[in-house]
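Scroll down for the structure; my scribbles are underneath it.
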C-alpha cells in the first residue's frame with residue numbers, strides 16, 4: 045500500500061548517523077543522497093521493497109514531528125526489536141513508553157519497542173509473535 049515514508053530533519057548529518065545505524069539493524073544499506081531542486085538534502089534508504097526518506101524541510105521552516113504519528117518498522121524477531129531499540133538509544137534516540145517487550149492486545153501478541161529519533165519522530169520496532177498453542 046505504501047511507497048515511502050518521509051520525515052523531516054533539522055540536522056541531516058545527525059539523522060544520517062542515527063538512521064544508518066538503526067536501519068542497518070534491519071538490513072538497510074547506506075542511503076542514496078539526493079539534493080532537491082530547491083537545494084535541500086534528502087536521504088533515501090531502500091530495503092525489501094520499501095523506502096524511508098529523511099529530508100531537510102523544503103519550505104525552509106523547521107522540521108516538526110507529527111503529534112499522534114508513529115512509524116513502525118517490521119522486525120524478524122524479538123532480538124531484532126531489542127537491537128533496534130538499543131542501537132537507537134546509542135545513536136541519540138530516546139526510549140519512550142514501556143520498556144521493549146511483549147504486549148498482549150486485540151492484534152495478538154506483539155513484541156514492541158518505542159523510541160524517538162534525534163528530531164523527535166516516534167518510531168516503533170515491531171515483531172508479531174506467534175500465539176501460544
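Numbering (our numbering), first residue to last: 45 to 177.
Where is the CB? At the ideal position from N, CA and C, for every residue including glycine.
Put simply, of 50, 113, 127 the residue whose alpha carbon is nearest the alpha carbon of residue 119 is 127. Here DSSP, grouped into helix, strand and coil, assigns residue 99 to strand. Taking each of 168, 102, 152, 174 in turn and checking the Cα distance to residue 81, the smallest one comes out for 102. For residue 122, the enclosing alpha helix (DSSP H) begins and ends at 122-134.
A distance of 8 angstroms or more separates the beta carbons of residue 48 and residue 115.
Linking residue 167 to residue 60 through their CA atoms gives a straight-line distance of about 15 angstroms.
Residue environment for residue 53: buried (at least 16 other C-beta atoms within 10 angstroms of its C-beta).
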